[in-house]
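The block underneath contains the structure these notes are about, expressed in structure tokens.
Chains as they are written, first to last, in our numbering: chain H, 109 to 186; chain C, 0 to 408.
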């Protein structure tokens with residue numbers, strides 16, 4: 109008689125979500141910022157997110173007084 | 000006692016974040032590096048502090064707070080002592096990564112421990128602990144600046160790094176998790192919905208309600224970050240940044256005033272709304288706070304062109320935003336239990352990092368439309384959506400989840 113094994117619970121998938129959601133946003137952010145997904149663009153997007161948290165927690169302009177959190181290109185628009 | 004130790008530890012790591020700006024001009028003067036390149040060190044600190052909290056929380060829940068705070072204190076000390084000897088940018092980067100690891104460990108442990116020790120005043124306890132992080136730097140701003148001026152930035156890094164690290168290490172021996180029966184079994188207030196079941200972290204992230212909280216944290220966080228982190232370019236674009244504003248007998252430029260008020264209110268709001276939530280319930284408080292944030296952002300959009308209103312409303316926005324650091328950890332622990340509180344709250348805390356990744360997309364919208372209007376409307380809308388989700392979805396859903404957990408146990 110065949111043994112019916114209990115169905116294995118997918119343990120990993122929520123962990124994947126926890127990593128995948130920020131990762132997708134990171135890639136999107138890199139793509140929006142520099143139109144490519146080179147490692148340097150992705151790294152830059154990641155650093156930008158750190159800069160944003162820093163500016164929000166430290167008070168605007170304290171960490172990056174010259175350009176705050178906005179993209180350099182945006183300042184060129186002004 | 001445990002709360003006081005947690006707050007002192009938070010005060011000790013506050014300088015790592017809030018004291019950094021005082022060192023930058025002198026580092027630049029001594030080595031001649033580009034300011035942006037130096038600030039990358041701080042960005043690395045923030046990233047490591049933010050993203051590793053769940054891992055550090057896991058160690059707290061498994062091995063207790065003492066060892067994690069001890070290692071955290073060591074890292075904080077080593078980071079700043081390394082800064083004092085650093086002569087290359089990569090050395091500064093490495094030092095700040097180590098300091099970020101340490102600060103994250105101390106932050107996650109102290110908040111997690113406060114959540115475990117005070118089930119009946121979880122919001123206030125988490126709020127006071129989180130506020131200690133912001134307020135702590137106020138005590139040491141003058142001594143740090145003084146030492147930088149008299150003995151140089153390297154001596155200040157060395158002495159403060161050593162001092163802060165040692166104090167955290169000593170305090171770590173006094174910190175411990177509550178034993179069964181040492182704390183009240185739960186809250187008596189019917190407004191505060193609390194589970195008696197302790198969910199393991201892997202169980203937590205399988206719960207759809209966790210993802211609702213995560214989503215709410217992300218949209219409120221991103222909405223707030225869009226405005227707060229961009230306040231300076233916004234002020235410059237609407238041409239209010241350099242206009243002097245007089246309030247309560249003080250005159251400063253609008254942007255300096257806003258930055259000063261924002262810092263104070265961002266700290267005060269954490270224990271304030273935490274305490275409110277202990278009394279009227281987490282979701283009711285979220286509804287009020289997030290709605291205030293949404294309305295504040297919308298009013299800033301309508302009246303922000305007047306420098307007086309810009310200062311007042313940016314303060315209001317910061318006040319209604321900072322409470323996410325007390326409301327979400329306490330709601331998470333109320334729902335999933337205290338045993339794995341540090342890891343579970345840490346998992347939710349990563350939503351802050353995710354929120355920060357959304358902000359550049361708002362800047363893209365700003366570039367596309369040529370004005371901040373859409374950004375303001377998106378940020379206000381996100382907060383209103385979160386406030387409605389809190390009262391209409393999270394509250395009844397959490398009641399159901401907690402009730403079913405009671406039946407299961």
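Glycine included, every Cβ here is placed at the ideal spot set by N, Cα and C.
This one's a predicted model, so the numbers in the text were calculated from it and none came from an experiment.
query = Which residues in chain C sit within 8 angstroms of residue 130/H, going by Cβ to Cβ distance?
reply = Within the first chain, the letter at position 22 stands for residue 130/H. Going along chain C in sequence order, the residues near residue 130/H (Cβ under 8 angstroms) are 349, 352, 353, 356.
key: Same chain, Cβ closer than 8 angstroms to residue 65/C, neighbours up to 5 away in sequence not counted   = Within the second chain, residue 65/C is the residue found at index 66, counting from 1. Only 171, 172, 174, 175 meet the Cβ criterion.
Coarse secondary structure for residue 10/C, derived from DSSP in three states = Against the second chain, residue 10/C aligns to sequence position 11. Correct three-state label for residue 10/C: helix.
request  = Determine the extent of the beta strand (DSSP E) in which residue 251/C is found, giving its start and end residues.
outcome  = Counting from one through the second chain, the residue named residue 251/C turns up at place 252. It spans 249–252 - the beta strand (DSSP E) in which residue 251/C sits, taken as one unbroken run.
ask   = Using a C-beta to C-beta distance shorter than 7 angstroms, which residues of chain H count as neighbours of residue 237/C?
value = Translated into the one-based positions of the second chain, residue 237/C becomes position 238. By Cβ distance, chain H contributes nothing, its closest Cβ being about 11 angstroms from residue 237/C, past 7 angstroms.
query = Would a check of beta-carbon distances place residue 224/C closer than 8 angstroms to chain H?
reply = Along the second chain, read from residue 1 onward, the residue named residue 224/C stands at position 225. Closer than 8 angstroms to some Cβ of chain H, the Cβ of residue 224/C qualifies, so yes.
key: Counted within 10 angstroms of its Cβ, other Cβ atoms place residue 195/C as buried (16 or more) or exposed   = Here residue 195/C refers to the residue found at position 196 of the second chain. Counting Cβ neighbours within 10 Å, residue 195/C comes out exposed, since fewer than 16 surround it.
key: Interface residues of chain C facing residue 149/H [CB-CB closer than 9 angstroms]   = Translated into the one-based positions of the first chain, residue 149/H becomes position 41. Neighbours of residue 149/H on chain C: none; closest Cβ ~11 angstroms, over 9 angstroms.
request  = May I ask you to list, following chain order, the residues of the region 362–374 of chain C that have a beta carbon less than 9 angstroms from some beta carbon of chain H?
outcome  = 362, 363, 365, 366, 369
message = Please report the straight-line C-alpha distance between residue 216/C and residue 67/C, rounded to a whole angstrom.
response = Your numbering for residue 216/C matches position 217 in the second chain. Your numbering for residue 67/C matches position 68 in the second chain. Cα-Cα distance, rounded: 26 angstroms.
Within the region 15–81 of chain C, ranges of the alpha helix (DSSP H) (whole runs, at least 4 residues) = 19–30, 34–50, 52–62
task = On the DSSP bridge assignment, give the partners of residue 246/C in chain order.
result = Working through the second chain from its first residue, we reach residue 246/C at position 247. According to DSSP, residue 246/C bridges with 249/C.
request  = Quick one: residues in its chain with C-beta nearer than 6 angstroms to the C-beta of residue 132/C, no 5 flanking neighbours on either side, listed in chain order?
outcome  = Along the second chain, read from residue 1 onward, the residue named residue 132/C stands at position 133. Answer for residue 132/C: 9, 13, listed in chain order.
Beta-carbon spacing of residue 314/C, residue 257/C below 8 angstroms = Position 315 of the second chain, counted from the first residue, corresponds to residue 314/C. Position 258 of the second chain, counted from the first residue, corresponds to residue 257/C. Yes. Within cutoff.
request  = Could you round the C-beta distance between residue 344/C and residue 99/C to whole angstroms and report it? I think they count as a contact, below 8 angstroms.
outcome  = Taking the second chain and counting its residues from 1, the one referred to as residue 344/C is at position 345. Taking the second chain and counting its residues from 1, the one referred to as residue 99/C is at position 100. Not a contact, Cβ separation roughly 18 angstroms.
ask   = Looking at the C-beta of residue 228/C, does it have a partner C-beta in chain H at a distance below 8 angstroms?
value = Within the second chain, the letter at position 229 stands for residue 228/C. Yes, residue 228/C lies at the interface with chain H (some Cβ there is under 8 angstroms from its Cβ).
request  = Identify, in the order they occur along the chain, each residue of the same chain with its Cβ nearer than 7 angstroms to the Cβ of residue 59/C, setting aside the five sequence neighbours on each side.
outcome  = To locate residue 59/C, count along the second chain from 1; it is residue 60. Counting only Cβ-Cβ distances below 7 angstroms, and skipping sequence neighbours, we find 67, 107, 108, 111, 341.
task = Look at the alpha carbon of residue 105/C and the alpha carbon of residue 368/C, and state the distance between them as a whole number of angstroms.
result = On the second chain, position 106 is the one that residue 105/C refers to. On the second chain, position 369 is the one that residue 368/C refers to. Going by the C-alpha atoms only, they are around 42 angstroms apart.
ask   = Nearest chain H C-beta to residue 142/C closer than 8 angstroms, yes or no?
value = One-based indexing of the second chain puts residue 142/C at position 143. Taking Cβ atoms only, chain H never reaches closer than 8 angstroms to residue 142/C, which makes this a no.
Residue 180/C in three-state terms, based on DSSP = Here residue 180/C refers to the residue found at position 181 when the second chain is read from its first residue. In the structure shown, residue 180/C sits in coil (DSSP, three-state: anything other than H, G, I, E or B).
key: Cβ of residue 144/H within 8 angstroms of any chain C Cβ   = As a first step, residue 144/H must be located in the first chain, where it is residue number 36. By this cut-off, residue 144/H is not an interface position.
inquiry  = Rounded to whole angstroms, what is the Cα-Cα separation between residue 320/C and residue 126/C?
reply    = Position 321 of the second chain, counted from the first residue, corresponds to residue 320/C. Position 127 of the second chain, counted from the first residue, corresponds to residue 126/C. Roughly 13 angstroms between the two C-alpha positions.
query = Looking at C-alpha atoms only, which residue of 141/C, 191/C, 7/C is the closest neighbour of residue 334/C?
reply = Locating residue 334/C in the second chain gives position 335, counting from the first residue. Ranking the options by Cα distance to residue 334/C, first place goes to 191/C.
key: Where residue 239/C falls: helix, strand or coil (DSSP)   = Counted from its first residue, the second chain places residue 239/C at position 240. Coil at residue 239/C, not helix or strand.
request  = Taking only the alpha-carbon atoms, compute the straight-line gap between residue 316/C and residue 147/C and give it to the nearest angstrom.
outcome  = Against the second chain, residue 316/C aligns to sequence position 317. Against the second chain, residue 147/C aligns to sequence position 148. Near 34 angstroms, if we compare the C-alpha coordinates of residue 147/C and residue 316/C.
ask   = In chain H, what lies closer than 8 angstroms to residue 204/C by C-beta?
value = To locate residue 204/C, count along the second chain from 1; it is residue 205. Correct list: 122, 123, 125, 126.
ask   = Of all the CB atoms in chain H, is at least one closer than 8 angstroms to the CB of residue 359/C?
value = Taking the second chain and counting its residues from 1, one reaches residue 359/C at position 360. True, the Cβ-Cβ gap to chain H drops below 8 angstroms.
task = Kindly indicate which residue of 160/C, 357/C, 387/C has the alpha-carbon position closest to the one of residue 140/H.
result = Here residue 140/H refers to the residue found at position 32 of the first chain. Checked all of 160/C, 357/C, 387/C; the closest Cα to residue 140/H is 357/C.
task = Answer with buried or exposed for residue 180/H, where buried requires no fewer than 16 other C-beta atoms within 10 angstroms of its C-beta.
result = The residue you call residue 180/H lines up with position 72 of the first chain. Model confidence at residue 180/H stands at a pLDDT of 39, short of 50, so the residue's coordinates are unreliable and nothing is read from them.
key: Length of the line joining the Cα atoms of residue 338/C and residue 197/C   = Taking the first residue of the second chain as 1, we reach residue 338/C at position 339. Taking the first residue of the second chain as 1, we reach residue 197/C at position 198. Cα to Cα, residue 338/C sits roughly 6 angstroms from residue 197/C.
task = Output yes if chain H places a C-beta closer than 8 angstroms to the C-beta of residue 46/C; else output no.
result = Walking along the second chain from the start, residue 46/C turns up at place 47. With 8 angstroms as the cut-off, residue 46/C counts as an interface residue toward chain H.
task = Measure from the alpha carbon of residue 70/C to the alpha carbon of each residue in 103/C, 40/C, 295/C, 90/C, then state which is nearest.
result = Along the second chain, one-based indexing puts residue 70/C at 71. Ranking 103/C, 40/C, 295/C, 90/C by Cα distance to residue 70/C puts 103/C first.
inquiry  = Tell me the rounded alpha-carbon separation between residue 222/C and residue 378/C.
reply    = Translated into the one-based positions of the second chain, residue 222/C becomes position 223. Translated into the one-based positions of the second chain, residue 378/C becomes position 379. When rounded, the distance between both Cα atoms is 4 angstroms.
ask   = For the putative contact between residue 270/C and residue 325/C, defined by C-beta atoms under 8 angstroms, what is the C-beta separation to the nearest angstrom?
value = For the purposes of this step, residue 270/C is identified with residue 271 of the second chain, where counting begins at 1. For the purposes of this step, residue 325/C is identified with residue 326 of the second chain, where counting begins at 1. Right, the Cβ-Cβ distance comes to about 7 angstroms (below 8 angstroms), so this counts as a contact.
task = Could you pull out every unbroken alpha helix (DSSP H) segment of at least 4 residues lying fully inside the region 302–356 of chain C, listed in chain order?
result = 306–320, 323–335
ask   = Checking contacts by CB at 8 angstroms: is residue 49/C closer than that to chain H?
value = Along the second chain, one-based indexing puts residue 49/C at 50. Output row for residue 49/C: interface = yes.
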